[in-house]
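Protein chains: 2
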Amino acid sequence: MDRSARAEAGEDDKADGRAAVLEAAARAFMQDGYAATSIDDVAGLLGATKGRVYYYYRSKADLFFDVHRESMRQNMEGAGRIALEDAPALDRLERMVRAHALLMMTHLPFQRVSVLGVEMHLAGSTTPRQRKTLNEIVELRDAYEQRFVDVISQGIAEGAIRPLDVKMVVRGLLGALNWITVWYRPREGETDADRARMADELTTYLINGLRRDEA
Amino acid sequence: MDRSARAEAGEDDKADGRAAVLEAAARAFMQDGYAATSIDDVAGLLGATKGRVYYYYRSKADLFFDVHRESMRQNMEGAGRIALEDAPALDRLERMVRAHALLMMTHLPFQRVSVLGVEMHLAGSTTPRQRKTLNEIVELRDAYEQRFVDVISQGIAEGAIRPLDVKMVVRGLLGALNWITVWYRPREGETDADRARMADELTTYLINGLRRDEA
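Just so you know, the protein sequences line up as chains A and B, in that order.
Quick note: the first sequence uses the working numbering, first residue 113, plus one each step.
Quick note: the second sequence uses the working numbering, first residue 113, plus one each step.
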């Protein structure tokens, strides 16, 4: 292994280490809420020392923000990017809705914390640096929501979706999906097919409400 | 005024006093979150002393639970009772959905805290007495959700609603509506007509997805 390959392997290790810390933090925040979680709790779930956590993150708030940012990345990567594909708008939207529903289940700790993040943001009381980071996270969320707004607008232009208040409907649509993090907890022995069935049921409902060919 | 009338007036005053404390608590919890709110904050919003708050409630947790219970009462009274009226199921459901949407806006502090209450409940870490109260609140919520399950089941039996997984759809429907407490904040000069327009848009969307006569 030459020096740059070694350096690269080191970078990969570092990225893996960071991802493991972040996963543990997401689980800790989900379990006990932001206020009640300590760096010790995160280290405990990680099966490591506090030093390991502090190697990657300098504070609980930084961990919280990065969990939030990672959830936004998951959404944009897993569902938002579908908006840019070349297909009829209603088909793209249907796949985006299903993908978002599944993301809520398969990445539950991250997505759950993302919902808690909204709370924290609304509650205010942060430092200037934290507010800057929060603003960046809000921008990521807005960009993600905009993908849904765009695709629904295209669906209306294509005649597949009835004329409606796009922003209001996107709030309802994403609210119904984000609410999954409130009621969903994986069951013993649950399979991908079980999750797919739940996502399909919600998707059918939420897409049907948009169709033009309705009463 | 005879003695019983005076006693009754006293009871009314006490109920009004209690309602005012509860309203202040709901606003304080909404503004700062449960953890960051003190009895002092509630007294401050009320424009009264801590003693006034303690006259009605012995702890912050008790206040929180009563805010939650009041929000459940508002929902059952304002929307849930429509389920028992004599009318086609889809008509009743449509009025329940619109009423729930409007309740989220007009009683925002209570309803917002009710959503936060879910968080606290999920996070665990309460005393046995608090867990008993939480279980009662969860029973109230379940009874309320059951009204929606019943009416949709009746709508399917009447042939107006397509066959679907009723519990899953109720979760989507109420999630879309409860999410209002995340994005909605009253605007300067907003009117009842503005709120009605938002509620109507969401209601149309959420009811259309259920109709039998769809693709």
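Note that CB positions come from ideal geometry on N, CA and C, so glycine has one too.
All of these numbers come straight from a predicted model, not from anything done at the bench.
Identify every residue that forms a DSSP beta bridge with residue i.
{"i": "residue 323 (chain A)", "result": "A:273"}
From residue i to residue j, what distance separates their C-alpha atoms?
{"i": "residue 239 (chain A)", "j": "residue 148 (chain B)", "result": "16 Å"}
{"i": "residue 180 (chain A)", "j": "residue 243 (chain A)", "result": "14 Å"}
{"i": "residue 145 (chain B)", "j": "residue 127 (chain B)", "result": "25 Å"}
{"i": "residue 164 (chain B)", "j": "residue 138 (chain B)", "result": "16 Å"}
{"i": "residue 188 (chain B)", "j": "residue 241 (chain B)", "result": "24 Å"}
{"i": "residue 175 (chain A)", "j": "residue 297 (chain A)", "result": "23 Å"}
{"i": "residue 286 (chain A)", "j": "residue 123 (chain B)", "result": "45 Å"}
{"i": "residue 323 (chain A)", "j": "residue 284 (chain B)", "result": "17 Å"}
{"i": "residue 211 (chain A)", "j": "residue 134 (chain B)", "result": "41 Å"}
{"i": "residue 72 (chain A)", "j": "residue 169 (chain A)", "result": "With chain A covering 113 to 327 only, the question about residue 72 (chain A) has no answer from this structure."}
{"i": "residue 310 (chain A)", "j": "residue 131 (chain B)", "result": "41 Å"}
{"i": "residue 251 (chain A)", "j": "residue 320 (chain B)", "result": "31 Å"}
{"i": "residue 317 (chain B)", "j": "residue 289 (chain B)", "result": "11 Å"}
{"i": "residue 295 (chain B)", "j": "residue 282 (chain A)", "result": "11 Å"}
{"i": "residue 258 (chain A)", "j": "residue 198 (chain B)", "result": "42 Å"}
{"i": "residue 256 (chain A)", "j": "residue 160 (chain B)", "result": "45 Å"}
{"i": "residue 276 (chain A)", "j": "residue 313 (chain B)", "result": "8 Å"}
{"i": "residue 263 (chain B)", "j": "residue 195 (chain B)", "result": "6 Å"}
{"i": "residue 249 (chain A)", "j": "residue 142 (chain A)", "result": "19 Å"}
Can you name the residues of chain B whose CB is closer than 9 Å to the CB of residue i?
{"i": "residue 276 (chain A)", "result": "313, 316 and 317"}
Beta-carbon within less than 6 Å of residue i's beta-carbon, same chain only, minus the 5 sequence neighbours each way: which residues are those?
{"i": "residue 219 (chain B)", "result": "186"}
{"i": "residue 326 (chain A)", "result": "Its pLDDT being 46, under 50, residue 326 (chain A) is placed unreliably in this model, and the value from its coordinates should be taken loosely. Correct list: empty, nothing qualifies."}
{"i": "residue 293 (chain A)", "result": "216, 223, 224 and 227"}
{"i": "residue 140 (chain A)", "result": "149, 153, 154 and 157"}
{"i": "residue 265 (chain A)", "result": "278"}
{"i": "residue 261 (chain B)", "result": "278 and 282"}
So which residues on chain B does residue i lean against when the C-beta distance must stay under 7 Å?
{"i": "residue 140 (chain A)", "result": "By Cβ distance, chain B contributes nothing, its closest Cβ being about 11 Å from residue 140 (chain A), past 7 Å."}
{"i": "residue 147 (chain A)", "result": "147"}
{"i": "residue 163 (chain A)", "result": "Result: empty, since nearest Cβ-Cβ is about 27 Å, beyond 7 Å."}
{"i": "residue 305 (chain A)", "result": "Near residue 305 (chain A) there are no residues of chain B at all, since even the closest Cβ is about 15 Å away, more than 7 Å."}
Helix, strand or coil for residue i? Go by DSSP, reduced to three states.
{"i": "residue 101 (chain B)", "result": "In the structure as shown, chain B begins at 113 and stops at 327. Residue 101 (chain B) is therefore absent and cannot be evaluated."}
{"i": "residue 197 (chain A)", "result": "coil"}
{"i": "residue 185 (chain A)", "result": "helix"}
{"i": "residue 191 (chain B)", "result": "coil"}
{"i": "residue 283 (chain A)", "result": "helix"}
{"i": "residue 241 (chain B)", "result": "helix"}
{"i": "residue 303 (chain A)", "result": "coil"}
{"i": "residue 298 (chain B)", "result": "coil"}
{"i": "residue 315 (chain B)", "result": "helix"}
{"i": "residue 265 (chain B)", "result": "helix"}
{"i": "residue 212 (chain A)", "result": "helix"}
Taking residue i as the query, report the chain A residues whose CB atoms sit under 7 Å from its CB, ordered along the chain.
{"i": "residue 280 (chain B)", "result": "310, 313 and 314"}
{"i": "residue 284 (chain B)", "result": "288, 314, 317 and 318"}
Can you list the residues of chain A that residue i reaches, using a CB-CB cut of under 8 Å?
{"i": "residue 267 (chain B)", "result": "The contacting residues do not exist; residue 267 (chain B) stays about 14 Å from chain A at best."}
Whose C-beta lies closer than 7 Å to the C-beta of residue i among residues of the same chain, with five residues either side of it excluded?
{"i": "residue 173 (chain A)", "result": "242"}
{"i": "residue 190 (chain A)", "result": "211 and 215"}
List the residues of chain C whose Cβ lies closer than 7 Å to the Cβ of residue i, in chain order.
{"i": "residue 321 (chain A)", "result": "No chain C appears in this structure, whose protein chains are A and B."}
Near residue i, what residues of its chain come up, given a Cβ to Cβ distance below 8 Å and the 5 sequence neighbours on each side ignored?
{"i": "residue 315 (chain B)", "result": "206, 209, 210 and 213"}
{"i": "residue 308 (chain A)", "result": "214"}
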